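Below is one structure, written out as structure tokens, with a few remarks after it.
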Amino acid sequence: IMSDLNSKESSTIDLQSCGREGKERKCCCRRLNLRLNDFLQICSSILIPLLIGVATIVITVQQQKIADQQREQDSEVADNIQKEAVLVKYLETIAEKFSYNDVPKAVPLVHAKTLTALRQLDPKRKVYLVKYLYECKLIARAAYSSVIDMYDADLNNVDFSGTSSFSSISLVGAQLVGASFANRNLTYSDFSYANLTGTNFQNCQLQNADFTGAFLQQTDFTNSDLSGADFTETDLTGSNVNAKQLFTTTSFQAAILPNGTRAMAADV
Numbered sequence: 048i049m050s051d052l053n054s055k056e057s058s059t060i061d062l063q064s065c066g067r068e069g070k071e072r073k074c075c076c077r078r079l080n081l082r083l084n085d086f087l088q089i090c091s092s093i094l095i096p097l098l099i100g101v102a103t104i105v106i107t108v109q110q111q112k113i114a115d116q117q118r119e120q121d122s123e124v125a126d127n128i129q130k131e132a133v134l135v136k137y138l139e140t141i142a143e144k145f146s147y148n149d150v151p152k153a154v155p156l157v158h159a160k161t162l163t164a165l166r167q168l169d170p171k172r173k174v175y176l177v178k179y180l181y182e183c184k185l186i187a188r189a190a191y192s193s194v195i196d197m198y199d200a201d202l203n204n205v206d207f208s209g210t211s212s213f214s215s216i217s218l219v220g221a222q223l224v225g226a227s228f229a230n231r232n233l234t235y236s237d238f239s240y241a242n243l244t245g246t247n248f249q250n251c252q253l254q255n256a257d258f259t260g261a262f263l264q265q266t267d268f269t270n271s272d273l274s275g276a277d278f279t280e281t282d283l284t285g286s287n288v289n290a291k292q293l294f295t296t297t298s299f300q301a302a303i304l305p306n307g308t309r310a311m312a313a314d315v
């Protein structure tokens with residue numbers, strides 16, 4: 048009988064123990080659930096505003112980029128319109144001034160307007176302007192004696208290269224730093240006193256051209272015909288021109304040669 052009672056008491060204790068353990072597990076689970084929920088709530092309260100903030104920044108940056116591109120395009124369009132207006136106005140002025148017989152009175156004004164227009168134009172339109180003046184024989188050497196003075200005209204870094212002829216063109220005293228006349232026919236052209244530093248004259252026909260007093264540092268005359276050209280008092284420092292080419296010229300008296308030495312009369 049005692050053993051039966053003991054076994055019953057033991058069973059009762061085991062059941063009570065299991066009940067307590069079950070309750071403790073439930074409490075632990077509830078606590079874990081509460082902690083997990085709290086953690087998720089905290090994360091959501093931080094991450095959601097953060098994600099919204101990041102998205103807002105990304106959208107703002109993209110919108111700013113689009114706006115900048117649009118402003119740049121608008122500015123470019125406006126700049127092109129302005130430059131085109133300058134060119135058209137200049138051409139109209141030339142046509143008007145030289146439609147009358149009293150050309151000498153118009154020359155000083157046209158010279159000033161030419162310099163002003165060239166300062167405002169891009170290289171492409173500068174080429175068009177020079178071609179127009181050349182075809183109208185307003186900047187031609189010899190018989191026409193260059194009606195328009197191009198002294199100090201800003202033609203720096205302009206690409207005049209091409210196969211058509213610029214024979215007898217007059218660009219006396221013009222600023223032509225870094226310009227290119229590659230492959231052009233420039234026979235009888237006049238570049239006297241022009242700044243031709245770094246200019247490209249590769250494969251040019253320069254027979255009887257006048258370079259008197261011109262700045263020709265670092266200028267490239269590769270494969271160009273210089274026969275009969277005048278290089279008196281030019282500065283050829285560092286230029287790409289050989290002795291054979293120079294000895295075909297009319298004169299290079301008092302010129303500074305590519306090696307930096309000055310040519311004497313006896314060298315001619």
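Using the numbering used here, the letters of the sequence shown correspond one by one to residues 48 to 315. Ideal Cβ placement from N, Cα and C applies to all residues, glycine included. As the structure is a computational prediction, the values presented were derived from the model and not from experiment.
Taking only three categories from DSSP, how would you classify residue i?
i, result
"A159", "helix"
"A114", "helix"
"N250", "coil"
"R231", "coil"
"A125", "helix"
"Q120", "helix"
"Q222", "strand"
"I195", "coil"
"T308", "coil"
Just to confirm, is the Cβ distance from residue i to residue j under 8 Å?
i, j, result
"R172", "I216", "no"
"G245", "V224", "yes"
"L218", "L176", "no"
"V157", "K144", "yes"
"S236", "Q265", "no"
"F207", "V174", "yes"
"V288", "F268", "yes"
Which first and last residues belong to the alpha helix (DSSP H) in which residue i is found?
i, result
"Q265", "Premise fails: Q265 is in no alpha helix (DSSP H) and is neither H nor E."
"R188", "Element bounds for R188: n/a, residue is neither H nor E."
"V174", "170-182"
"A290", "290-293"
What residues in its chain sit with their C-beta under 8 Å from that of residue i, if we drop five residues either side in the sequence?
i, result
"F262", "A241, N242, L243, T244, T281, D282"
"E119", "none"
Measure how close the beta-carbons of residue i and residue j come, nearest whole angstrom, since I'm counting them as under 8 Å.
i, j, result
"L202", "A221", "5 Å"
"A226", "N250", "Not quite, the Cβ-Cβ distance comes to about 15 Å (not below 8 Å), so this is no contact."
"T161", "A200", "6 Å"
"L168", "K136", "Incorrect: roughly 11 Å between the Cβ atoms, too far for contact."
Between which residues of its own chain and residue i is the CB-CB distance below 7 Å, once the five residues before and five after are set aside?
i, result
"S298", "D277, F278, T279, V315"
"A310", "F299, Q300, A301, A302, L304"
"Y191", "Note that Y191 scores 47 on pLDDT, short of 50, meaning its location in the model is unreliable; the coordinates nonetheless yield the value given after this. Cβ neighbours of Y191 beyond the five flanking positions: K184."
"T295", "L273, S274"
Ignore the nearest five residues each way along the sequence and tell me which others in residue i's own chain have a CB closer than 6 Å to its CB.
i, result
"S307", "The sequence shown places Gly at residue 307, not Ser. For G307, where only same-chain residues beyond five positions count, the Cβ hits under 6 Å are T284."
"S146", "none"
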